[in-house]
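Those protein sequence lines, which keep their order, are chains W and X. Just so we're aligned, residue 11 is where the first sequence starts under this note's numbering, counting upward by one. Just so we're aligned, residue 22 is where the second sequence starts under this note's numbering, counting upward by one. Every residue, glycine too, gets a C-beta built ideally from N, C-alpha and C. Below is one structure; the comments refer to it alone.
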Amino acid sequence: MTALDTAGPAVTAGPAPTRSTKRSARRRARTWGEIALLAGPAVLVYLFFVLLPVLLAAYYSFFNWNGLGPLDQFIGFDNYTRLLADPVFHRSVFNNFFIVVMSLLIQGPLAILIALLMNRRLRFRGLLRALIFVPYVLSEVTAGLAWQILLQSVPPTRWGPVDTLLRTLGIEDPPSWLADPDVVMWTMFGILTWKYLGLAIILMLAGLASVPDELHEAAALDGAGWWQTQWHITVPLLGPTIRIWAFLSIIGALQLFDMIWIVTGGGPLNASSTMAVYMVGNGLNVSQIGFGSAVAVVLFLISLIVALVYQRFALRRDLAGALTGGVR
Amino acid sequence: MTATTAITVAPGKARPSRRAGQRFDWGQPVVYLVALAVAAIAVGPVLYVFISGFRTNPDFFTDPAGMPNPWTTDNYARVLGDPTFWRQVLASTVTALGTTIGVMLLGVMAAFVIARYEFKGRGLLYALFTTGLLFPLTISILPLTVLLRQLDLFGTWWGLIIPQVAFALPTTIIILVPFLRAIPGELEEAALIDGASRIGFFWRIVLPLSMPGLMTVGVLAFVGSWNAYLLPLFVLQAGGAASEDYTLPLGVQFYSTAYGQDTTGVLAYTALAMLPAILFFTLAEKRIVGGLQGAVKG
């Protein structure tokens, strides 16, 4: 996140200042021309398609509007009060944070542990890494459709692939993975873990590659066991990688849409809805652009607050200089 | 479970006195076991999709967890013989390539200015782009749709490419600026002394030297576009494009909704849609990971 704060010094290798002010004025005009020519297209595209829509979302959120007719029904904060009073939205926010917390508590430590184990000379290491990375490179749509078919069951007559497998293993009455409102978010978390654990492991392995071997040897000479060495030396040095992963994971979980939309559509009974699913459901299906925009604004504010709190939290830990414990 | 196995792994190899004996390292098989288990869980469902694409529907419903009996290539042949499928492959390829080229071009030009020009507002320009990380597509999708409709880009491939370029710019610039800054100033002086303009320097020296960074940025943009769902859902599906003009993810989903009863057909379609991603992106693993690390490094 600190990359956001500064552009750093530019490399100045331009020609030395000239004597003639007239010429230098021309040169300066030329420089500005180059800047405009080079940066202009990116700035225009970016302002128009990234920043403008955000401002428009804030504006539309005060209107009752279907996106097509005239934008003339100003309703103040009505969209927001309606939104904040809707139990379905509460459920959606809860689900987003469920995924955030579960990812940090389970995916993070699991990935670190597996990466620590794999961080040694292994035969077929490249192949293993590639295999572990496969779920991440799939589109959410293909992965989601695959899981939908794997988990589909119409008990007691028709069992899906996963349930059939479980039944041959002696689990006669497997849970309704996608149809039970109390189970569905756990199922979704399982699918997301399957999809993103590989990326986390590969990121951690990349981070571990930069931890010098000498440290381990020194610790071993001092009589530290493998586990002690990892815990006291390797994991703290992995701090930056863990923070990058945690940031990606938190932001991704707050924006969660594709996988849920494909696998459950937010159902059953909105039990697996997230903020983005709620927004798209209202914006796409019912054409409530005004109301959907209000959801987008709230989603943005929540993400912003979480990002700021996270930055603070991560910074504080850096200052304390004791980054153990992974992501807690 | 893993915690206990980890403790048993402790190798004593760093202690010189032990060297002569070189005991068998019990950690090794445990590690292979864990790694294999993780790899199997990761790849298992994907393999299942590919294999089940070779089944007939009655066979599938008799024993969903079994192997094909008999094996049949009908499903795959049908999908591969379907012009709609190939149109969708084309749509995905064109939009992904368009996005990649656009991002690399606009990104490197803007990053060059930020990295190597000294001017008032340079810091602001950089901050402007990095702020974009706070505004992901999800937040602006509804107003963006309205904008695209007014621009007559609704339902078209351009309506995908241009916003995707815009949304990929922040990451791209954050990755490229350090690359461009690392090019030594002496090179630029030498080029200028040889009579090259600054633009000439950019074209002849900066572009070739920043290729590794550009490749990373390009791969990230390509992957993002190839796998994209939210934007195509709004721009193409809601935008009223014909299903032949859908990108693959959208097309696969459309097929599964339209022909939901044909489960093994859907599986074959899904498998074929997975294939390019697995082939290309697994090879590009290092660049994807490096890019993701760079995107938020701080």
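Distance CB(residue i)-CB(residue j) smaller than 8 Å
| i | j | result |
| --- | --- | --- |
| Thr121/X | Phe243/X | yes |
| Tyr56/W | Pro164/X | no |
| Ile252/W | Gly154/W | no |
| Ala229/W | Asn106/W | no |
| Leu168/X | Phe188/X | no |
| Ala52/W | Met130/X | yes |
| Phe150/X | Leu190/X | yes |
| Leu248/W | Met214/W | yes |
| Asn96/X | Thr285/X | yes |
| Ala259/X | Leu81/W | no |
| Val64/W | Phe156/X | yes |
| Val238/X | Gly311/X | no |
| Arg108/X | Glu265/X | yes |
| Gly261/X | Gly176/X | yes |
| Gly77/W | Ser297/W | yes |
| Ile142/W | Val59/X | yes |
| Leu218/W | Leu120/W | no |
Pairwise C-alpha distance: residue j and residue i
| i | j | result |
| --- | --- | --- |
| His226/W | His242/W | 10 Å |
| Leu251/X | Phe310/W | 17 Å |
| Ala148/X | Ile109/W | 30 Å |
| Asp268/W | Ile181/W | 31 Å |
| Leu266/W | Pro97/W | 19 Å |
| Trp157/W | Ala281/W | 18 Å |
| Gly119/X | Val147/W | 20 Å |
| Ile299/X | Val245/W | 31 Å |
| Gly216/X | Phe222/X | 10 Å |
| Ile299/W | Phe84/W | 13 Å |
| Val198/X | Leu154/X | 16 Å |
| Pro205/X | Gly50/W | 25 Å |
| Gly43/W | Ile194/X | 20 Å |
| Arg137/X | Ala203/X | 10 Å |
| Glu210/X | Phe58/W | 36 Å |
| Ile201/W | Arg38/W | 57 Å |
| Leu209/W | Ala216/W | 10 Å |
| Ile162/X | Phe140/X | 34 Å |
| Asp190/W | Pro278/W | 7 Å |
| Val164/W | Pro229/X | 58 Å |
| Leu314/W | Gln321/W | 10 Å |
Cut-off 8 Å between Cβ atoms - residues of its own chain near residue i, not counting five sequence neighbours on either side
| i | result |
| --- | --- |
| Ile159/W | Gly170, Pro171 |
| Glu150/W | Lys205, Asp268, Met269, Ile272 |
| Leu138/W | Met128, Leu132 |
Where residue i sits in the DSSP three-state scheme
| i | result |
| --- | --- |
| Val193/W | coil |
| Phe87/W | coil |
| Arg76/X | coil |
| Val238/X | helix |
| Val316/W | helix |
| Phe73/W | strand |
| Arg341/W | The displayed coordinates of chain W run from 11 to 338. Any statement about residue 341/W would go beyond what the structure contains. |
| Ala281/W | coil |
| Pro63/W | helix |
| Ser163/W | coil |
| Lys32/W | helix |
| Asn129/W | coil |
| Trp187/W | coil |
| Leu266/W | coil |
| Ala263/X | coil |
| Glu44/W | helix |
| Asn295/W | helix |
Spatial neighbours of residue i in its chain, beta-carbon cut-off 6 Å, leaving aside the 5 residues before and after
| i | result |
| --- | --- |
| Leu126/W | Gln240 |
| Ala305/X | Val240 |
| Val100/X | Phe106, Ala289, Tyr290, Leu293 |
| Phe301/W | Asn89, Asn292 |
| Asn74/W | Gln83, Ile85, Gly300 |
Residues of its chain near residue i, where Cβ-Cβ distance is below 7 Å and the 5 sequence neighbours each way are ignored
| i | result |
| --- | --- |
| Thr16/W | Below a pLDDT of 50, predicted positions are generally treated as unreliable, and Thr16/W, at 49, falls in that range; no measurement from the model is reported. |
| Gly42/X | Note that Gly42/X scores 43 on pLDDT, short of 50, meaning its location in the model is unreliable and no value can be drawn from it. |
| Thr116/X | Trp178, Leu181, Ile182, Ser246, Thr268 |
| Val307/W | Ala67, Ala68, Ser71 |
| Pro184/X | Leu165, Leu252 |
| Ala112/X | Trp178, Asp266, Tyr267, Thr268 |
Supposed contact pair residue j and residue i - C-beta distance, whole angstroms, cut 8 Å
| i | j | result |
| --- | --- | --- |
| Thr152/W | Pro270/X | 7 Å |
| Asp80/X | Pro66/X | Between Pro66/X and Asp80/X the Cβ distance is about 19 Å, and since that is not below 8 Å, they are no contact. |
| Ser102/W | Tyr288/W | 4 Å |
| Thr94/X | Phe75/X | 7 Å |
| Ala212/X | Ile226/X | 6 Å |
| Val55/X | Ile124/W | 6 Å |
| Ala304/W | Leu161/W | The pair is not a contact, with the Cβ atoms about 34 Å apart (cut-off 8 Å). |
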